[in-house]
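All you need for our numbering is the position in the sequence shown, starting with 1, plus 1. Structure first, commentary second.
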Amino acid sequence: MPNHITNILTIQADENKVRNILERVKSEEDGLGSIDFNKLIPMPESLNIEAGSRSNRGLELYRSFLQDSAAIAYADVQNTEPSPQHSETLTALLKKYQELTKDDPELLQLGRKCYENIQNYGCTDWYDWSIKNWGTKWNAYGYKEFPSYQDGDSEIRFLTAWAAPHPILEKLSELYPDVTFSHQWADEDFGHNVGERDYLGGEIVSENIPTGGSAEAYELAADILGIELNSDESGYYLSADESGYFYLDTDESYELIEFFDKPALFSNGRITASEIPKGLYCYDLRSDNDGNGFVAIEPHVAVNHAGSVITNSPIDFGEFGYISLTQDTSPNFLGEQITLPQFMNGDFEQTKEQSGGMEL
């Protein structure tokens, strides 16, 4: 299955003009609010043949047949008198290709169609032609995935396979040069292959294609796909250092601790600000040289790292840049594992009661 690309096409014109355009491009099967690429860039009927490895084998076989046939024809031309072996040579040629296609008698004919398509259209079949002329594998589809089109709407939504149909938008703009067409697209590979363009007079007049995986790409994709960022529903959060969005593993758990009379999380590993949501803070614990106990908490520990702490409020380290820890001020492990979403939502009431109540 392909990656489905959500496309939003907005026509900036008066209602009558919009309707005329949508009537012209609509799919006869799906009606108003749809778009049939064949209405703009028609695919030649002869390209509607099988695509794939069998077509490639057929094309290779037909090219071989043409070479063999040409060799026989050339030999005949060189002779002023018909060769007595001519009939035998032709019979041998036919037997050769009958043998080569005995398991697939239609293979040579398929190859001939592919060859003729290349001569006429530069493509062997519908697949190659669609990619070249529509910019995507198939015609538009997926209308049931979106709210039904309402009369008077100037916006339609549809899906395409793997890529946005940029040549279709260019053609549409050429046909209606006085109308601005706005096109937004977003891959289901969230935060990648996403962008927006405005067309006028057959030209791109504005364009925004953010780098895949960037914060801007995630925000644009979320807007197009109707996904709420920084939520448990989507699972995507802006990192604490605001370097970008990341997918939060909701199954990963941490040890709940009490630290400076407040709830916090502990991990044996190193945690960075790019790995936790904005609104949380992470710090490193230092052990003594023997690895026994915690002696300090700091913004970052390179040597004698003893774990990381996640808090929901910043820690003031004062002028020294660290806070020394004693047995009384070291983390109090509460014997419970919770996830980051639970921690952010304050989902640990029972533990707070067991610990005598912690400040949130």
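All residues carry an ideal CB built from backbone N, CA and C; glycine is no exception. Computed from a predicted model, the values in this text were never measured in an experiment.
Collapsed DSSP secondary structure at residue i in the structure displayed
i, result
"Cys-363", "The chain is shown from 2 up to 361; residue 363 falls before or after that span and cannot be answered."
"Leu-160", "strand"
"Ala-274", "coil"
"Asp-129", "helix"
"Val-195", "strand"
"Gln-13", "strand"
"Glu-51", "coil"
"Glu-306", "Rather than Glu, the amino acid found at residue 306 in this sequence is His. In the structure shown, His-306 sits in a strand (DSSP, three-state: E or B)."
"Asp-179", "coil"
"Ser-325", "strand"
"Tyr-75", "Low confidence applies to Tyr-75: its pLDDT is 46, below 50, so where it sits in the model is not reliable enough to give any reading."
"His-301", "coil"
"Pro-148", "coil"
"Asn-4", "coil"
"Leu-281", "strand"
"Phe-344", "helix"
"Gly-32", "strand"
"Glu-286", "Reading off the sequence, residue 286 comes out as Leu, not Glu. Looking at Leu-286 - three-state DSSP - the assignment turns out to be strand."
"Pro-264", "strand"
"Asn-21", "helix"
"Ser-356", "Since pLDDT at Ser-356 reaches only 49, below the 50 mark, its modelled position is unreliable, and the value read off the structure follows with that caveat. The answer is coil: DSSP assigns Ser-356 none of H, G, I, E or B."
"Asn-39", "helix"
"Ser-254", "strand"
"Gly-336", "strand"
"Leu-201", "strand"
"Ile-316", "coil"
"Ser-215", "coil"
For residue i, the nearest candidate out of the options (CA to CA)
i, options, result
"His-306", "Asp-233, Leu-176, Ile-277, Ile-272", "Ile-272"
"Ser-207", "His-193, Ser-215, Gln-185", "Gln-185"
"Ala-241", "Pro-278, Ala-218, Ile-205, Ala-216", "Pro-278"
"Glu-29", "Ala-141, Leu-48, Arg-198", "Ala-141"
"Ala-14", "Ile-22, Thr-7, Asn-8", "Ile-22"
"Glu-367", "Gly-123, His-5, Asp-199", "This structure leaves residue 367 out entirely; the chain is present only between 2 and 361."
"Ile-12", "Asp-199, Asn-194, Pro-166", "Asp-199"
"Thr-161", "Asn-118, Ser-131, Asp-262", "Ser-131"
"Asp-152", "Glu-24, Gly-347, Gln-328, Gly-294", "Glu-24"
"Phe-318", "Phe-261, Gly-280, Ala-274", "Phe-261"
"His-167", "Gly-196, Pro-178, Tyr-150, Gly-143", "Gly-196"
"Gly-294", "Asn-269, Asn-313, Leu-281", "Asn-269"
"Glu-61", "Glu-117, Leu-249, Ser-47", "Glu-117"
"Gly-248", "Pro-148, Asp-31, Glu-229, Ile-210", "Reading off the sequence, residue 248 comes out as Tyr, not Gly. Checked all of Pro-148, Asp-31, Glu-229, Ile-210; the closest Cα to Tyr-248 is Glu-229."
"Ala-274", "Glu-243, Ala-265, Gly-292, Val-304", "Glu-243"
"Ile-50", "Ala-216, Leu-10, Met-2, Ile-119", "Ile-119"
"Ser-47", "Glu-337, His-301, Asp-129", "Asp-129"
"Trp-163", "Glu-189, Leu-226, Pro-178", "Glu-189"
"Thr-137", "Pro-3, Asp-291, Gly-292, Gly-322", "Pro-3"
"Tyr-150", "Pro-211, Ser-235, Arg-20", "Arg-20"
"Ile-225", "Glu-234, Lys-263, Asn-194", "Asn-194"
"His-1", "Pro-211, Gly-322, Gly-59", "Here the chain has residues from 2 to 361 only, and residue 1 is not among them."
Beta-carbon spacing of residue i, residue j below 8 angstroms
i, j, result
"Glu-1", "Arg-287", "Missing from the structure shown is residue 1; the chain here goes from 2 to 361 and no further."
"Ser-309", "Asp-285", "yes"
"Val-180", "Lys-27", "no"
"Phe-267", "Pro-332", "yes"
"Gly-214", "Gly-245", "yes"
"Leu-335", "Ala-297", "no"
"Ile-169", "Trp-135", "yes"
"Cys-283", "Ile-324", "no"
"Arg-64", "Leu-111", "no"
"Asp-329", "Ile-339", "no"
"Pro-45", "Tyr-144", "no"
"Asn-8", "Ala-165", "yes"
"Asn-313", "Leu-281", "yes"
"Ala-216", "Leu-239", "yes"
"Leu-10", "Phe-191", "no"
"Thr-251", "Gly-236", "yes"
Chain B contact for residue i (CB, 8 angstroms cutoff)
i, result
"Ile-298", "Absent from the structure is chain B; it holds one protein chain and no more."
Expected contact under 8 angstroms - CB spacing of residue i and residue j to nearest Å
i, j, result
"Ala-52", "Asp-126", "4 angstroms"
"Cys-124", "Lys-114", "The pair is not a contact, with the Cβ atoms about 12 angstroms apart (cut-off 8 angstroms)."
For the pair the segment 154 to 169 and the segment 34 to 41, tell me if three or more CB-CB distances fall below 8 angstroms. yes
Is there contact between the segment 257 to 267 and the segment 329 to 346, where contact requires at least three CB pairs shorter than 8 angstroms? yes
Determine, using beta-carbon pairs with one atom in the segment 39 to 50 and one in the segment 209 to 220, whether at least three such pairs fall under 8 angstroms. no
Does the structure place the segment 158 to 174 close enough to the segment 189 to 207 that three or more beta carbon pairs sit under 8 angstroms? yes
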